[in-house]
Structure formats: structure tokens, C-alpha cells
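Engineer: Per this note's numbering, the very first residue in the sequence shown carries number 27; after that it's consecutive.
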Amino acid sequence: MSTTNILEMRNIEKEYFGNRVLKGVTLTVKPGEIHAIVGENGAGKSTLMNILFGMPVIYSTGGIRGEVIFDGKSVDIRSPKTALDLGIGMVHQEFMLLPGFTITENIKLNREITRHNPVSKLLGSAKLQTLDIEKMRQDAKKALDSLGMTVDEWLPIAGLPVGYMQFVEIAREIDKENIKLLVFDEPTAVLTESEADTLLGVMKKLSARGIAILFITHRLDEVLAVADSITVLRDGEKVGWMTRDEATLEKIAEMMVGRKIERIKQVAKDVVEGGETALSIRNLRVTMPGEMVRNISLDIKKGEILGIGGLAGQGKIGIANGIMGLYPAQGDVFLGSKRLELNRPRQAIENKLAFVSEDRRGVGLLLDNSIETNIVMTAMQIRDMFLKPFLGIKGIKMADEKAIRTHALKMIKDLDIRCTGPEQLTRRLSGGNQQKVCIARALTLEPEILFVSEPTRGIDIGAKKLVLDLLVQLNRELNMTVVVTSSELGELRSICDRIAIVYEGELEAILSPAASDLDYGLAMAGKYRDRSREAG
Ligand code: ADP
Ligand code: MG
């Protein structure tokens, strides 16, 4: 391996709307080196790679501070084209392929091979040259072959399995002749195990050809299998760098999650140990695209705050969505001795379950309706609340405006919703106050179990604390059972009594908030069960 760096990113700082997402990150890679970047969701990995690739989102949001040195020269990469010209390729987390075109066309897109025909030769015009389809096919086939991929290069992209699309993206990158550095942003997330193995083999081959590789993955065994060196990011900071020889699974896992936890609530030991079960989940499967739940069994204790954590895409989000009937679910869920019929959203609510969705602006709020309408609508529709008889006619009811107003004002006061009044449109509220309206609507259903997903996503730090305090208060004062699903482990560890970590659609561990960073790191990486088994 060469001693000079092909890439050096120095003191990279990036802010998104005042939020510092990269705080002075430095990264170096040598030709032929496979360098892994690991970190929890939101650590800043993709942002760092978007900077390297000159993605428009970076410069439309104020650009960066810091310096990028590529191949010995200070460079200013402000567009993907600049990156490509320098020899930087990127395999994206989201596919960037044209579905209507064939595999060959996608691989050769914008780099079509042309040959002179008699007319173009005569006129010296590049425009009139003929596409050299045969040569393009051969190149595409060569690139695909080197990936060990046996698929016909003339097939259209549309309809290919996702695993294949990933390989077409990679084939497109390695077909480029000047490629010096290749970025893989969570490439194996969509691959089957054997496809992932093939890919790791390909990475090794590319590195042997002198191509440097930046490899982002949350699968730590893949890191240990192929990386020469590893950078760990946490909350926008580089918290670790090590060579493969220095690295262990435990060390990386611990570094990824380590942070100071501020407890907002004492763990309710009596509830957790031996307390009554509020909801019993057995063999739950939920078909929620991107958040599949494969087989979860779990008891939720009466009066606890249960956290559900895990990396994005592992299925944690699917659990509440499945129980609440928003995505197709199978399995057994019992409320005490009563079996809850799944796939019946109305019935879930009638059984005193309420849900604050992670999709606040989608299924959560009616943005062009008032705060009070948002607060009472589900209760009116499903629980027949806030209705009064219409002119004394039997069976006909109308909205009880007075009761609605009284209730809305009480909620605004209790939850401290900052607004001009109950008639204000929810679109005009800040993210934190919108979230409180969602919680108010759920509370209006008088739930025994409150499911809350990603309660602090997209809201500022001050409002985050208020929302978490509110959940603790509901739990403490009303003895409400609360199930919080969150990508922010720190937030779960600050308010929950127990935390269930989900990995690949299954329960990996149930941990105390005081469990070690190591245990959390292993659980998030899907390595906790193995370790417990080894320990006997
Ligand atoms: P990772 O890839 O490590 O999961 P990202 O780089 O995607 O993390 O995100 C880092 C942080 O930057 C997160 O807090 C995320 O919410 C924020 N972020 C990423 N992209 C944008 C964007 N386009 N606008 C605003 N914030 C963003
Ligand atoms: Mg990312």
C-alpha cells in the first residue's frame, strides 16, 4: 500500500439550518485502502460522503468549512461532475438508476461509446457518430462479470431484484476508467447474505487494483472482514480511528454508542420485575416496507415506559404500526386475557391503545385544520366523544362545540402548546408544538397504552426535552403505560424503564437503561444474542 494519501478531508464542518452535523471531522485514505466508517444513524456518515461527492444538498444549505485534498491537490468539489472527473465514484444508499433503460445503458449512461461511420468521418461531426452497442455491451458484461454477476446485460432495470440493482450501480462505477476512490454507503443493507459476501469479495479485488474504498456499513462483522482501518463517528464527531489489527467488535460497538446519559426518570424496579403485563405480543410479523418485523415476542408491563430501539430499517418502527393496524400484521397480541384482532385500526383504539405516529406530517396531522379539530377528530370518529343529540332527534348527533373548545383549551394548557389559540392551523406551529398536538390527540382517546414513535424527530433541542418530560409526566402521574420507539438511543436511555433492541426484525435484547455502552453497541449491531450464547 502506498504511503501518500489519495484523500484527505481536514476539519470538515457542516451545519444544516443551524444544526451542527459534522464537527471538525478529519479522514485520510490511501490508494488501495479499504476504510470503514461506522456510527449510529444520524452520526454524519452520509453527509461526509455527500460533501466528498459534491451533492447539491450540501451547497444549497450553506456549504462547508474545512479542506479536501485529493490526489495531492486541494480541491473544491461542488458538483458530482467534479467528483467524477477527479475519479471519485459513489454507490448510493438510494438507487440512481433509470428504470426504463437496460443494464448496459445504465452502466454506460453519459459515457456512451461511439464510433465513426462514413458520414461522421466525412463531416467530422461527433453528433452523427453511431453508438457502438457491441463495445458497450462487452464493457458492461466485463464489469458485471468482475462482480460475479450472472445477469443478461440487455435486461431492463425495471423489475430487477434490489440486490441486482445494487450490483448494476457498482458495475457502473467500476467501468469508469479513471476511478481512484469508490464510496459505498450501506451497500449491503439491501443484499442477501450471499450477495453481501460477493460484494465484499469485489471490494477486496478493487482495492487490490489500487482503488481506495470508503465503506459505510452497520454490519460490524463486514467491517472486520474487509477493512484496513476504521473511523467511528458519533453525533458528528470523529470519536475513534483504528487499524484492523487494533479493532474488535466490542471496541467499535462501544465507541459507536458511548455518550453521557442524563436520566430524567428513575427506573421503576417493582414494575419491571414481576409487575403485571399490560400487553403481550407473540410471534408478531408486520409487513411494513423498510421496517419489516419478522418475529417479535415481548411483554409490555403495566405502568412502564418501554423503549424500542435499533438502527434504521431493522423493524423497530414496524412494531407499533403493526399493533395499531396501520400495516398488515400477523401473530398474537393479548390485552390481559383478551385477544386483540390485528389489522383493525378502529378496534385497537376501542381497546384503549393510542398511537403517535413517526409520520407526523403524513398520517399524524391535518395541517390545514385547527389545533382543536386535530385534537378531537379521532375521538369523535371512533369513540363517539364530543357529540350531542341534534334537536333531540334520536340517533342523530352533532359536534358539541362547547365541549370541544373546553377540552382543547385544557390540552393546550396541560401540554403547554405554544399557539395563538385553539383555532390556529397546525401548519403554523413549530415542530415541537405539532408533536404536542399529536400527543394531545392520542391522550384524548384516554388510552391505557400509549405508543409514541420518534417523538423528537425534527424538533429542536429545547422542545425535545419538553416532549420527553411530558411522556415521563404522563407515565408518573397517570400511571400510563408508554411505549416509545426511537432512533435516538440516548433519549430512550434517559426515560425508559427497559429498552428492547430490534435487529433484522427480531428482538435482539432487552436492556436496562443502565446497561453498558458495550451491551448497547452489540445489541444494535445484532451481536448480543451470539455473545450471550457464547457466555452460556
Ligand atoms: P448517517 O448517514 O450517519 O446516518 P446523516 O449524515 O444522514 O447520518 O445525518 C447526519 C445529521 O444531519 C442528522 O441529524 C440528519 O438529520 C441531518 N441531515 C442530513 N441531511 C439533512 C438535510 N438534507 N437537511 C437537514 N438535515 C439533514
Ligand atoms: Mg446514512
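We put the CB at the ideal spot given by N, CA and C, even for glycine.
Would you list the residues sitting across from residue 264 in a DSSP beta bridge?
Structural biologist: Looking at the DSSP assignment, residue 264 forms a beta bridge with 259.
Engineer: For residue 325, write down the residues that DSSP places opposite it in a beta bridge.
Structural biologist: Residue 325 pairs with 306.
Engineer: Whole-angstrom Cβ separation of residue 382 and residue 290, contact assumed at under 8 Å?
Structural biologist: Rounded, the Cβ-Cβ distance is 18 Å, inconsistent with contact.
Engineer: Which residues does DSSP list as the beta-bridge partners of residue 234?
Structural biologist: Bridge partners of residue 234: none, in fact.
Engineer: Go through its chain and collect everything with a Cβ distance to residue 182's Cβ below 6 Å, but skip five positions before and after it.
Structural biologist: Once the five neighbours on either side are set aside, the close Cβ partners of residue 182 are 128.
Engineer: Could you give the uninterrupted runs of the alpha helix (DSSP H) lying entirely in the segment 32-89, keeping only those of 4 residues or more?
Structural biologist: Counting only runs of 4 or more, we get 71-78, 82-85.
Engineer: Sort 165, 114, 332, 73 by Cα distance to residue 477 and report the nearest one.
Structural biologist: Of 165, 114, 332, 73, the residue nearest in Cα terms is 332.
Engineer: With 16 as the cutoff for other CB atoms within 10 Å, does residue 243 come out buried or exposed?
Structural biologist: By the 10 Å Cβ count, residue 243 comes out buried.
Engineer: Give a yes or no on contact between the segment 109-116 and the segment 69-87, applying the rule of three or more CB pairs nearer than 8 Å.
Structural biologist: The segment 109-116 vs the segment 69-87: in contact.
Engineer: Have a look at the DSSP bridge pairing and note the partners of residue 358.
Structural biologist: Note: residue 358 sits in a beta bridge opposite 308.
Engineer: Please state if the CB of residue 56 and the CB of residue 31 are separated by a distance shorter than 8 Å.
Structural biologist: It is a contact, given that the beta carbons lie within the stated cut-off.
Engineer: Specify, as a first and last residue, the run of the beta strand (DSSP E) that residue 507 falls within.
Structural biologist: It spans 507-511 - the beta strand (DSSP E) in which residue 507 sits, taken as one unbroken run.
Engineer: Span of the alpha helix (DSSP H) holding residue 344?
Structural biologist: Segment 342-349, the alpha helix (DSSP H) holding residue 344.
Engineer: Going by DSSP, what residue range makes up the beta strand (DSSP E) through residue 23?
Structural biologist: Residue 23 lies beyond the residue range present for the chain, which begins at 27 and ends at 562; the question has no answer from this structure.
Engineer: Closer than 7 Å by C-beta to residue 204: which residues in its own chain qualify, once you throw out the five before and the five after it? Chain order, please.
Structural biologist: If we look at residue 204 and ignore the five residues flanking it on each side, its Cβ neighbours are 113.
Engineer: In the DSSP assignment, the alpha helix (DSSP H) including residue 424 goes from what residue to what residue?
Structural biologist: It is not in any alpha helix (DSSP H) - residue 424 instead sits in the beta strand (DSSP E) that spans 419-425.
Engineer: Enumerate, from N- to C-terminal direction, the unbroken alpha helix (DSSP H) stretches of 4 or more residues contained entirely within the segment 193-246.
Structural biologist: Counting only runs of 4 or more, we get 219-234.
Engineer: Kindly examine the ligand MG and report whether one of its heavy atoms sits closer than 7 Å to the Cβ of residue 72.
Structural biologist: Yes, the beta carbon of residue 72 sits closer than 7 Å to at least one heavy atom of the ligand MG.
Engineer: Check whether the segment 481-500 and the segment 308-318 are in contact - that is, three or more C-beta pairs closer than 8 Å.
Structural biologist: These segments do not touch.
Engineer: For residue 133 and residue 169, which I take to be in contact (beta-carbon distance under 8 Å), what is that distance rounded to the nearest angstrom?
Structural biologist: The pair is a contact, with the Cβ atoms about 6 Å apart (cut-off 8 Å).
Engineer: For residue 414, is the classification buried or exposed, using 16 other Cβ atoms within 10 angstroms of its Cβ as the cut-off for buried?
Structural biologist: Exposed: under 16 other Cβ atoms inside 10 Å.
Engineer: Is residue 47 near the ligand ADP, with its Cβ less than 7 Å from a heavy atom?
Structural biologist: Yes - the ligand ADP has a heavy atom lying nearer than 7 Å to the Cβ of residue 47.
Engineer: Within 10 angstroms of the Cβ of residue 342, are there 16 or more other Cβ atoms? Answer buried if so, exposed if not.
Structural biologist: Result: buried.
Engineer: Output the distance between the C-alpha atoms of residue 489 and residue 528, rounded to the nearest integer angstrom.
Structural biologist: About 27 Å.
Engineer: Per the contact definition of three or more C-beta pairs closer than 8 Å, is the segment 47-64 in contact with the segment 250-266?
Structural biologist: The segment 250-266 vs the segment 47-64: in contact.
Engineer: Just the Cα atoms here: how many angstroms apart are residue 530 and residue 172?
Structural biologist: Their backbone Cα atoms lie some 30 Å apart in a straight line.
Engineer: Skipping 5 residues on each side, what residues in its chain have a beta carbon closer than 6 Å to that of residue 233?
Structural biologist: Counting only Cβ-Cβ distances below 6 Å, and skipping sequence neighbours, we find 58, 60, 239.
Engineer: Going by the CB atoms, is the gap between residue 446 and residue 475 shorter than 8 Å?
Structural biologist: No, the pair does not count as a contact, with Cβ atoms beyond the cut-off.
Engineer: Can you tell me where the alpha helix (DSSP H) holding residue 106 begins and where it ends?
Structural biologist: 106-112 is the span of the alpha helix (DSSP H), which, as asked, contains residue 106.
Engineer: Is the beta carbon of residue 67 within less than 7 Å of some heavy atom of the ligand ADP?
Structural biologist: True, at least one ligand heavy atom lies under 7 Å from that Cβ.
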